[in-house]
Structures are given as structure tokens and as C-alpha cells.
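To start, the structure itself, in C-alpha cells.
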Amino acid sequence: MTDVFSLLNQVENLIKQLESMQEINGSYARTYRTQELLNKINSMGAYPLDILLVGATGVGKSSTINALFGNDVAKVGKGADPETMEIDHYDIGESKLRFWDSPGLGDSPSKDVIHKKKLVDTLYKTYTHDDGTWGLIDLVLVILDGSSRDFGTTYHLLEEVICQQIPSDRIITVVNQCDMGMKGRYWNSKNHFPEEKLKLFLENKVKSVQSRIYENTKQKISMPVYYSATENYNISKVMDSIIQHVPKSKRKINIS
Ligand SMILES: Nc1nc2c(ncn2[C@@H]2O[C@H](COP(=O)(O)OP(=O)(O)OP(=O)(O)O)[C@@H](O)[C@H]2O)c(=O)[nH]1
Ligand SMILES: [Mg+2]
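At position 68 of the sequence shown the residue is numbered 74 (the working numbering), and the sequence of numbers has no breaks.
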């Protein structure tokens, strides 16, 4: 009997060790990729790289930042920076990278008007340096909710506002909550990945997002990545997509 207990104890300890090894591996991979991103920003010659987060309320903006950067991220509250314009931002890598957390849309029509205005203000924000006028926002990360059928508000925003101001190679569209794509069906929650049916569904979904944006704006955005911030699935693909989109230079604005 004692042998069985001691064996069980050993197994339990082994599982705990394995879990902590996975944790270390996960954070090692994250730190490695964050470093790769910061190196790419360094070679841009001017930093910080400013990324505007766009997405409906509760789409998982905060969860995405946490999944991507874990402890490397510092949230900076409203008004802490003169340029903040009442929009919180996250600082990464000693302020070499900033994510601007725009307020979520879709709560109510009257709030949407105010939120949209703040978003447009941020998108159009410029600053002047010795060598000209530059746009504050370098990239826009548009997060869609994979559990929702209705992307209407975000499409509208992309087509009417974002694509008008930002070239398509500076727009990254991603689909979060892919674990809930088919209302949670075909998600393997034990091993945290989509079964074949859900995978097919998600692949069709991201293709249709890309073609819908093309049809309406004639801008070809890169193929969206589907992922799950809380299930830690495809986070490295989101990171790779951001790394690939780091521009060669900041966004020069020609003021005539
Ligand atoms: N199942 C699932 N839930 C998620 C995922 N990402 C976020 N959530 C949940 O969705 C809720 C909202 O997530 P947040 O990260 O706070 O979303 P947000 O976009 O920052 O929300 P606001 O700041 O209020 O607009 C939380 O309960 C998260 O745990 C995901 O990938 N899968
Ligand atoms: Mg949030």
C-alpha cells in the first residue's frame, strides 16, 4: 500500500517538474522572439515602434498583449505620457515598442461615436522632428473575435478609417478566440489545439476576412493568423507576423 502511495507521489512530483519545464520553455521562447522583434526595431533606426490595437470590447486585446509579452510588458495608464490622449499604452523593451490600447467598439452607438473619434485622433496623430513630420502610429493590429459571426463594426472601421490612412503593409489582422470558433466544438482542450474540422473552419474564416477587405478596399492585407490568447495557441505565429510587418522606417507624412 505504502509503495502505491510513494509511487503516486513520485508521479505527481514528476508532473510538477514537467509543468515547470514547459513554463520555462514557454517564457524562453517568448523572450527570444521579443528580442528578435526589438532587434528588428533597432535596425529601423528610430524607435519606439508604435502599434495601435483595434478591436471590439472584450475581443482579447489585453489578453493578447499578456500572451505575447508576459512579464516583459508594463501597462502605462492614462495621462502618464504627454502624447497619451487618454489612451492607455503598454511599454515593452524599455519603451522601444508601444502598444496603444484603443477603447473597444460595439458597446453602444453613442459610446462608439466617442471611441471612434479617439481612435481616429490617434491614427492621425503626427509629430514633428528635425527632418520632417511623421505619423505616430507605425502599425495597426486589428483583432477580430473568432467566436463571433459578425465582424461588421471592425470591417467598417477598417474600410472607412484605417485603410484610408494606413497602407496595407502596415495593417496586421488577426483572429483571436479561435478555440471558440465553432462554439467550443472541435477544440481539443486537453492538448490546446483545434481538431481538423475546426482547423478547416478557421482557415476558411481567415481567407474570407482577407478577401472581404480586398473586395471593399482593393488593399491586400496579409493572411490573418488565427490564435487563442488564453489557450496559448499560435501566439508565436502572431509574433512572427508582427516581426514581418516591422517597417523599414517610420511613417513620413507629406504636409502640403
Ligand atoms: N476562450 C477564450 N477567451 C478569451 C481569449 N482571449 C480572451 N478571452 C477572454 O475574453 C475576456 C476579455 O478579454 P480581454 O483581454 O480583457 O479583452 P479586451 O479586448 O482587452 O477587453 P476591453 O479592454 O474591455 O475592450 C476575458 O474573460 C478573457 O479571458 C481566447 O483566446 N479564448
Ligand atoms: Mg483590455
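Using N, Cα and C, we set each Cβ at its ideal position, and we do this for glycine too. A quick note: this is a predicted structure, and the numbers were derived from the prediction, not measured.
Inter-residue Cα distance where the pair is residue i and residue j
i    : j    : result
A73  : L150 : 16 angstroms
K226 : S174 : 6 angstroms
I168 : K46  : 24 angstroms
S154 : I259 : 36 angstroms
L59  : V146 : 6 angstroms
Q216 : T134 : 34 angstroms
I219 : R176 : 14 angstroms
G66  : N182 : 7 angstroms
H162 : S49  : 34 angstroms
K256 : A235 : 28 angstroms
D107 : G51  : 24 angstroms
S195 : F75  : 23 angstroms
K124 : P200 : 36 angstroms
K213 : S12  : 53 angstroms
K117 : K22  : 47 angstroms
From the options, residue whose alpha carbon lies closest to that of residue i
i    : options                  : result
N197 : D185, T37, K243 and K189 : D185
D144 : V231, Y220 and I249      : I249
M188 : R176, K203, V10 and L125 : K203
K243 : T179, K211 and Y96       : T179
F157 : G112, Q170 and D136      : G112
K224 : E237, E166, D136 and L55 : E166
K254 : G99, Y53, D118 and S69   : Y53
L142 : I172, Q16 and D9         : I172
P230 : P200, F199 and G152      : G152
A62  : I93, T132, F105 and H121 : H121
D78  : D94, Y38 and I93         : Y38
T128 : S247, K117, I71 and D94  : D94
D97  : N15, S68 and T132        : S68
K205 : E221, G110, N240 and G64 : N240
According to DSSP, residues forming a beta bridge with residue i
i    : result
L151 : For the record, residue 151 in the displayed sequence is Asp; it is not Leu. Answer is N182, bridged to D151.
N194 : F199
L24  : L24 is not bridged to any residue.
S234 : Y239
A62  : L111
R257 : G141
L55  : L103
I47  : None, per the DSSP bridge assignment.
I177 : V146
Buried versus exposed call for residue i [16 or more other C-beta atoms within 10 Å across all chains shown]
i    : result
G138 : exposed
I261 : exposed
E209 : exposed
D56  : buried
P115 : exposed
F105 : buried
N19  : exposed
G190 : exposed
TODO: Only counting runs of 3 or more residues, tell me where the beta strand (DSSP E) segments fall wholly within the stretch 109-151, in order along the chain.
DONE: 132-135, 138-141 and 145-151
TODO: Give every residue whose Cβ lies closer than 5 angstroms to any heavy atom of ligand 4, listed in chain order.
DONE: Only ligand 1 and ligand 2 can be found as ligands here, which leaves ligand 4 out of the picture.
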